[in-house]
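Visitor: Shown below is the structure under consideration.
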C-alpha cells in the first residue's frame, strides 16, 4: 500500500501538468511544464504560488502555551504579540537543531508552529516528551486540517488585494506580521513571511476544505499579473539564492555525520535568545557557550585551540567564478587545504535589470550563475578566494555576504562579487582654472533652472531671501565662537576666542527672536541641523535620567513612543537614526524599547487616541516624539498630555517640528502651549532660515525641569557641536526678523494654498490622500497616490516637466523603492507669490503629466517665470541698497 501523503491540492497539480515526486513522505510538485528555471524567474519578476501544505503545522494553545514554547524552542516567544511571527529552532541538548521552523502568534495563548515536512513526525514525538511538564497546554497536529500556501513576489500584493476585495485585509507592510481575514465565510491567517527571499510575500493558512477554491482564486487573479504555480524545485533554488538554510543540508549533521552546531548557521542570531525573560530552555547552556565563542571570533578576540572549539565551522555563501555546478558534498579548498564542503548548490537563473537606481526594473533578459552554501572553517573572511572541487576539477569561487538584495522592494536584485579593477587609471587632472569655470557654469545652470524654470514642491525645502543668503557668507563665516556659561564667572557666557563680540550679539538676538516667534523662555540655537537637535535632546534626556547616579553605567530611555517611519515618522526619531544610542532594549522582546503611535483605520495619517491610551498604560513610555515628515494633520499634543498628566514621574513630550516650524501659531498649532515640553526643529523648511537646527522649551530656572534644560544645553556644547557655523547663524537672524514680521500672512496663505491645491488635484482626477472633511490637509503638504510602486516613475516624469516633487512611501507600502505616493509642499512657491488660483492651474499641469503623459516642460517653465520675485521679506526697493552694500564688502575680499 502506498503510504505517501497528498495535500488538498494534489489533483490541481495533476491538472496543471506538474511533475510529481516524493518529498518528506508527500507527493509534491517538483515543477510544472515551464520548468524550474522559468518558475524561479517568474517568482522574481512577478510572483509565484506555492502549495506548501506538506509542511508540519502544530497548534499550541492554553495558558501554559508560552511557558512551553519558551522551553522547547530557541527564540523568545514572549516577544511575539498577537499578529507577529518569528524564525526559531527546536534545539537538541547537545547544541544542534532537531529542526528549524516558524512560530506564529495568532492570538493570546494561541500559536502555530510550522516545521519541515520530513521532520514532522519526529518533531511531534520530541515535543510530546515535554507536554507533561505543562499541565494547561493543548498541543495539536493540524497539518491535515489547515492547508498552507505561499504567494511570493513583487506583484502578489495586488493579487491578494483583488482576491480579498480590500487592501485592509492583508497584514501591514512589516515583515513577520500577520492578520486574520475572512474568505468564503471563514477566517484564514495571512502572514508576511516566506522562504524565497522576496521582500514582498505572503503565507496563507486556509482551512483544508477551501484550499482548492483559494488556489483557483489566486491563480485566476494572478494570471494578468504573471503569477505562476511553482514547485519544490524552484522553491529550493529561490531559498538557496536567498541564503536560507535547509534542514538536512545546513542544519542537522555534516558530511562526516557530526551534529552541526546551531550557531554555525548565521540565521541563529535571529533564532536564539538568551533573554532573562525566556529563562531556562533545552540546550541553553551549550548554546550560550557557542554564542560567546562566535562573539569572541567576531570581535577578533577568540584564542582557543581548534580542537576545543564548539563552532569550528560555519555556513557560508559562495559564488562560483568558473564553469561548474557545485553539489552537496563537494570539497572546498583554500590554498590547497580542505576547509569544508558544499552543503547546497545548483545553477541559479537571474534577471538582468534595466535602468539605474530607483528606476531600475527587471527586463526580459536573463542569465545564469552557479551558487552554493558551504560548511567551512569559521575563520574565513568575506571575499576569501577558494576552489570548489567539481567532478574532480577545481573551480574558482569566492565567499560572499549575500547573493541577492531585498532592501529595495518590490523586487529582489541579484548581487555579484566585486570584480572592480583596482588598478584602474585615474582620470586626467585638470587645471584649477578649468575646474572653476566648469563648476561655476554648472552651478549657475542649476540655479537658473531651479529658481526660474522649475516649480519647487519639495515640502522640506525653502529658498532663502537674497539678504539671508548674503549674510550667510559674510564674516564671521568660517570663524569660531565656542562658549558656555561658567558659574564661577558670574554665570556669564564665556567665549574661548577673541573677535567674537559681534557674533555673540547675533546669537543672543537669534535666541530672542525665536523665543518671540515660539512664545517660549528658552532656545538653544547652536545646533546645525534638525537631526543634531534631536540627538542632542535625546542625549540631554538620558543625562538627566541618570543625574542621581554618575558612577554606574548610564541607563537608557526605557520606552519611547513615536511615529513609524513607514507612516511618515521622522528618520531622527527612529532607532536607525538619531534615537539608536539613547533607547533601551526591551528585555521581554529583545528589541528596541520603541512603540509606535497607532493609527486610525479610516485615516492612517492620524493617531488613534483611544488605542494610544491603551499602549501608554501597557508600555509606560518615558518619552513621546511627535512630528512627521509626511504631515497632513495637527498632532494631538493636548490629548496625550491629558492622558499622561497623572503619571509620576511625568513623561517628556518632544515635538519634532522639522517640517512645520514655520507654521506654528494661531492658524496651525502651538505645541508648547498645548503640553509639549520640548520643541526641536529645522529652520529651513517652512521656516525662512538657513539650514540649521534649534531646541526650544519653557524649562526656565524656576520650572520643574530646569535641570533637564541644563543637561540639554551641556549636550549641545561641548557635547554635540564645537564650531556652530556662524555664517548660517547670522543668516538665521535675518530670517527670524522676516518671520516675525511677515510670518502670519505667510502662514495663512500657505494653509489656504495647500487646501486649494489638494481640492484642485482631486477635481482633476488624481487620488489625494488624507481626510476630505478637512480638505485633505491641515499643513503645507499635499500627498498623492499614483499607483503601487509608481511613485519613483511619476516623480521622474514630473521632473522632466519642470515640476519637482519627491516620491513617497505611503503607509501600506513596503519601503521607499515601492513608493505609491508623491509628497508635495506649497511653502516655497507661496513665498514666490503663488496663490490659490495659481495652484489650481498647477494642478492642471500635474494632471496632464501624470494622467495624460504629456510633455509640457516649456509650458511649465513659462508658468514658473511668473513667480520669481520673493515675498514675505523686505521688498526689492528696500532690500536692494542693503544687498549692494553687502556685495560691495564681499567682492573686496
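Numbering (this note's numbering), first residue to last: 1 to 893. Glycine included, C-beta positions come from ideal geometry on N, C-alpha and C. On a predicted model such as this, the values are computed, not experimentally measured, just so you know.
Report yes if the CB atom of residue 814 is closer than 8 angstroms to the CB atom of residue 409, and no otherwise.
Guide: In the chain shown, residue 814 corresponds to position 814, counting from 1. In the chain shown, residue 409 corresponds to position 409, counting from 1. In this structure, residue 409 lies closer than 8 angstroms to residue 814 by Cβ.
Visitor: How would you label residue 543, buried or exposed, when you count the other beta carbons within 10 angstroms and need 16 or more for buried?
Guide: Stepping through the chain shown from its first residue, residue 543 is reached at position 543. Buried is the call here.
Visitor: Taking the C-alpha atoms as reference points, what is the distance between residue 592 and residue 182?
Guide: Working through the chain shown from its first residue, we reach residue 592 at position 592. Working through the chain shown from its first residue, we reach residue 182 at position 182. Spanning the two alpha carbons is a distance of roughly 33 angstroms.
Visitor: Quick one: grab the DSSP three-state call for residue 884.
Guide: Here residue 884 refers to the residue found at position 884 of the chain shown. In the structure shown, residue 884 sits in a helix (DSSP, three-state: H, G or I).
Visitor: Excluding five sequence neighbours on each side, which residues of the same chain lie with their C-beta closer than 7 angstroms to the C-beta of residue 42?
Guide: Along the chain shown, one-based indexing puts residue 42 at 42. 48, 226 and 228, listed in sequence order.
Visitor: What number of angstroms, rounded off, separates the C-alpha of residue 326 from the C-alpha of residue 193?
Guide: Taking the chain shown and counting its residues from 1, one reaches residue 326 at position 326. Taking the chain shown and counting its residues from 1, one reaches residue 193 at position 193. Approximately 28 angstroms between the Cα atoms of the pair.
Visitor: Would residue 663 pass as a contact of residue 780 if the rule is Cβ separation under 8 angstroms?
Guide: Working through the chain shown from its first residue, we reach residue 663 at position 663. Working through the chain shown from its first residue, we reach residue 780 at position 780. For residue 663 and residue 780, yes; Cβs fall inside 8 angstroms.
Visitor: Please report how far the alpha carbon of residue 355 lies from the alpha carbon of residue 361, in whole angstroms.
Guide: On the chain shown, position 355 is the one that residue 355 refers to. On the chain shown, position 361 is the one that residue 361 refers to. Those two C-alpha atoms are separated by around 7 angstroms.
Visitor: With respect to the alpha helix (DSSP H) encompassing residue 897, which residues constitute its N-terminal and C-terminal limits?
Guide: With the chain covering only 1 through 893, there is no way to say anything about residue 897.
Visitor: Please determine if the segment 144 to 151 and the segment 98 to 107 are in contact, where contact requires at least 3 C-beta pairs separated by less than 8 angstroms.
Guide: No: fewer than three Cβ pairs fall under 8 angstroms.
Visitor: Cβ of residue 745 within 8 angstroms of Cβ of residue 667?
Guide: Taking the first residue of the chain shown as 1, we reach residue 745 at position 745. Taking the first residue of the chain shown as 1, we reach residue 667 at position 667. Taking 8 angstroms as the Cβ cut-off, residue 745 and residue 667 do not qualify as a contacting pair.
Visitor: Can you tell which of 109, 27 and 249 has its C-alpha closest to the C-alpha of residue 374?
Guide: Numbered from its first residue, the chain shown carries residue 374 at position 374. Of the listed residues, the one whose Cα sits closest to residue 374 is 249.
Visitor: Restricting to Cα atoms, I'd like to know which of 288, 54, 364 and 869 is closest to residue 121.
Guide: As a position in the chain shown, residue 121 is number 121, starting the count at 1. Minimum Cα distance to residue 121 is reached at 54.
Visitor: Let me know if residue 547 comes out buried or exposed under the rule of 16 or more other beta-carbons within 10 Å of its beta-carbon.
Guide: Locating residue 547 in the chain shown gives position 547, counting from the first residue. With fewer than 16 other Cβ atoms within 10 Å, it is exposed.
Visitor: Between the beta-carbon of residue 754 and the beta-carbon of residue 826, is there less than 8 angstroms?
Guide: By one-based count along the chain shown, residue 754 stands at place 754. By one-based count along the chain shown, residue 826 stands at place 826. Yes. Within cutoff.
Visitor: If you measure between the beta carbons of residue 725 and residue 528, is that distance less than 8 angstroms?
Guide: Within the chain shown, the letter at position 725 stands for residue 725. Within the chain shown, the letter at position 528 stands for residue 528. Yes.
Visitor: So what does DSSP say about residue 307, is it helix, strand or coil?
Guide: Residue numbering aside, residue 307 sits at position 307 when the chain shown is read from its first letter. In the structure shown, residue 307 sits in a helix (DSSP, three-state: H, G or I).
Visitor: Within 8 angstroms, do at least three Cβ pairs link the segment 518 to 526 to the segment 573 to 584?
Guide: Touching, no.
Visitor: Compare the C-alpha of residue 732 against each of 512, 714 and 380 and name the closest.
Guide: Taking the first residue of the chain shown as 1, we reach residue 732 at position 732. Among 512, 714 and 380, the Cα nearest to that of residue 732 is on 512.
Visitor: Could you tell me if residue 237 is buried or exposed, where buried requires 16 or more neighbouring beta carbons within 10 angstroms of its beta carbon?
Guide: Sequence index remark: in the chain shown, residue 237 carries index 237 (1-based). It is buried - the Cβ of residue 237 has at least 16 other Cβ atoms within 10 Å.
Visitor: Please report the straight-line C-alpha distance between residue 704 and residue 507, rounded to a whole angstrom.
Guide: Translated into positions along the chain shown, residue 704 becomes position 704. Translated into positions along the chain shown, residue 507 becomes position 507. For residue 704 and residue 507, the distance between alpha carbons rounds to 26 angstroms.
Visitor: Residue 749 and residue 835 - do their beta-carbons sit closer together than 8 angstroms?
Guide: Position 835 of the chain shown, counting from 1, holds the residue named residue 835. Position 749 of the chain shown, counting from 1, holds the residue named residue 749. Contact: yes.
Visitor: Pull up the CB-CB distance for residue 895 and residue 127, whole angstroms please, since I reckon it's below 8 angstroms.
Guide: As displayed, the chain neither begins before 1 nor continues past 893, which places residue 895 out of reach and without an answer.
Visitor: CB residue 395 to CB residue 322, shorter than 8 angstroms?
Guide: Taking the first residue of the chain shown as 1, we reach residue 395 at position 395. Taking the first residue of the chain shown as 1, we reach residue 322 at position 322. Closer than 8 angstroms, so yes.
Visitor: Does residue 317 pass the burial test, meaning 16 or more other C-beta atoms within 10 Å, or should it be called exposed?
Guide: For the purposes of this step, residue 317 is taken as residue 317 along the chain shown, with counting starting at 1. Residue 317 comes out buried.
Visitor: For the putative contact between residue 8 and residue 208, defined by C-beta atoms under 8 angstroms, what is the C-beta separation to the nearest angstrom?
Guide: Sequence index remark: in the chain shown, residue 8 carries index 8 (1-based). Sequence index remark: in the chain shown, residue 208 carries index 208 (1-based). The Cβ separation is near 5 angstroms, so the contact holds.
Visitor: What separation, rounded to the nearest whole angstrom, lies between the Cα atoms of residue 15 and residue 33?
Guide: Here residue 15 corresponds to residue number 15 of the chain shown, with the count starting at 1. Here residue 33 corresponds to residue number 33 of the chain shown, with the count starting at 1. Computed Cα separation, rounded: 11 angstroms.
Visitor: With a CB to CB cut of under 7 angstroms and the five nearest residues on each side skipped, what residues in its chain are close to residue 453?
Guide: Position 453 of the chain shown, counting from 1, holds the residue named residue 453. Taken in chain order, the residues that qualify are 802, 861 and 864.
Visitor: Considering only residues of the segment 799 to 861, which uninterrupted beta strand (DSSP E) runs meet the minimum length of 3 residues and lie entirely inside it, listed in chain order?
Guide: Entirely contained in the segment 799 to 861, the beta strand (DSSP E) runs reaching 3 residues are, in chain order, 806 to 808 and 821 to 825.
Visitor: Pull up the CB-CB distance for residue 370 and residue 347, whole angstroms please, since I reckon it's below 8 angstroms.
Guide: Here residue 370 corresponds to residue number 370 of the chain shown, with the count starting at 1. Here residue 347 corresponds to residue number 347 of the chain shown, with the count starting at 1. 6 angstroms between Cβ atoms; contact.
Visitor: Quick check on residue 404: buried or exposed, where buried means 16 or more other Cβ atoms within 10 Å of its Cβ?
Guide: Sequence index remark: in the chain shown, residue 404 carries index 404 (1-based). Counting Cβ neighbours within 10 Å, residue 404 comes out buried, since at least 16 surround it.
Visitor: Does DSSP put residue 52 in a helix, a strand or coil?
Guide: Taking the first residue of the chain shown as position 1, residue 52 is located at position 52. Three-state DSSP puts residue 52 in coil, outside helix and strand.
Visitor: What number of angstroms, rounded off, separates the C-alpha of residue 199 from the C-alpha of residue 44?
Guide: What you label residue 199 is simply residue 199 of the chain shown in a count that begins at 1. What you label residue 44 is simply residue 44 of the chain shown in a count that begins at 1. Rounded to the nearest angstrom, the two C-alpha atoms are 10 angstroms apart.
Visitor: Restricting to Cα atoms, I'd like to know which of 19, 180 and 37 is closest to residue 83.
Guide: Taking the chain shown and counting its residues from 1, the one referred to as residue 83 is at position 83. Checked all of 19, 180 and 37; the closest Cα to residue 83 is 180.
Visitor: Are the segment 592 to 606 and the segment 643 to 661 touching, with three or more C-beta to C-beta distances below 8 angstroms?
Guide: Verdict: no, contact absent.
Visitor: On the DSSP bridge list, what partners appear for residue 485?
Guide: Against the chain shown, residue 485 aligns to sequence position 485. Per DSSP, 493.
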